[in-house]
Amino acid sequence: MDDFRVCEDLDENHSCLQRKSIYFFAKADNFVFIVTVVLFLLPCLLLLAAWRRYIRNTVETPMPGWRMLCGKAALILAICSMLLELVFYYSWFHNGGSPHGLMPSPGIWKFVGRIAFWTFAVSLIFTVLGKGKWRIFIPIWAVAYGFVVYMISMLEMD
710 MDDFRVCEDL DENHSCLQRK SIYFFAKADN FVFIVTVVLF LLPCLLLLAA
760 WRRYIRNTVE TPMPGWRMLC GKAALILAIC SMLLELVFYY SWFHNGGSPH
810 GLMPSPGIWK FVGRIAFWTF AVSLIFTVLG KGKWRIFIPI WAVAYGFVVY
860 MISMLEMD
């Protein structure tokens with residue numbers, strides 16, 4: 710009987726089934742948010758290892774200033790890319806995004822995703838220009854980053 714009252718309160722553009730499905734996805738979003746953060750921990754740990762190696766490398770061996778700055782810029786942009794990707798996913802999930810081709814309502818996900826992609830690409834370019842053993846971690850980070858994005862998309866499809 711309570712379901713009938715809920716259906717009476719809805720306007721003609723919304724059915725009772727639509728209202729329940731929206732409520733169901735709102736409950737599932739908390740799980741998706743937590744899993745997103747947990748999945749992003751692996752790329753974060755790889756960036757932490759790259760930073761530690763970068764700091765050790767600058768102390769142990771001298772290198773030209775522009776290469777040191779390229780390395781620092783690459784690592785900073787990699788961190789920015791990860792944070793922007795998290796913002797993208799939180800906005801995407803919050804606005805009802807779906808990998809099945811359904812476009813969610815407008816939100817900051819529309820432009821943050823492009824910024825995250827370009828900071829990712831520029832960080833890879835700066836990595837090539839840098840010098841040191843820390844650069845080994847960046848391609849591994851990039852693969853892990855792509856894997857995390859893929860896993861979040863697969864998780865959202867269920």
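Okay, so the sequence shown: first residue is 710 according to our numbering, each after it adds one. Just so it is clear, CB atoms sit at the ideal spot from N, CA and C, and this is done for glycine as well.
Residue closest to D856, alpha-carbon to alpha-carbon, out of V741, F740, L751, F742: As a first step, residue 856 is located in the sequence shown; it is residue number 147 there, counting from the start. As written in the sequence, residue 856 is Phe, which differs from the Asp given in the question. For F856, the nearest C-alpha among the options comes from L751.
Closest by C-alpha distance to A787, when choosing among M777, A759, M860, S800: One-based indexing of the sequence shown puts residue 787 at position 78. Ranking M777, A759, M860, S800 by Cα distance to A787 puts A759 first.
Residue span of the alpha helix (DSSP H) that contains M791, given as start and end: For the purposes of this step, residue 791 is identified with residue 82 of the sequence shown, where counting begins at 1. Note, M791: alpha helix (DSSP H), 774 to 803.
Helix, strand or coil at P752 according to DSSP, with G and I counted as helix: Within the sequence shown, the letter at position 43 stands for residue 752. Reduced to three states, the DSSP call for P752 is helix.
Beta-carbon proximity check, A783 vs T836, cutoff 8 Å: For the purposes of this step, residue 783 is identified with residue 74 of the sequence shown, where counting begins at 1. For the purposes of this step, residue 836 is identified with residue 127 of the sequence shown, where counting begins at 1. Cβ atoms of A783 and T836: closer than 8 Å.
Option in S790, V746, G816 with minimal Cα separation from N804: What you label residue 804 is simply residue 95 of the sequence shown in a count that begins at 1. Out of S790, V746, G816, G816 has the C-alpha closest to the C-alpha of N804.
CB contact flag (L755, I849, <8 Å): The residue labelled residue 755 in the question sits at position 46 within the sequence shown. The residue labelled residue 849 in the question sits at position 140 within the sequence shown. Their beta carbons are under 8 Å apart, which means L755 touches I849 by this criterion.
Selection from I847, L795, G841 that minimises the alpha carbon distance to I824: Counted from its first residue, the sequence shown places residue 824 at position 115. Per the Cα distances, L795.
Pick from Y799, I834, C779 that is closest to W818, judged by C-alpha positions: Translated into positions along the sequence shown, residue 818 becomes position 109. Nearest of Y799, I834, C779 to W818, Cα basis: Y799.
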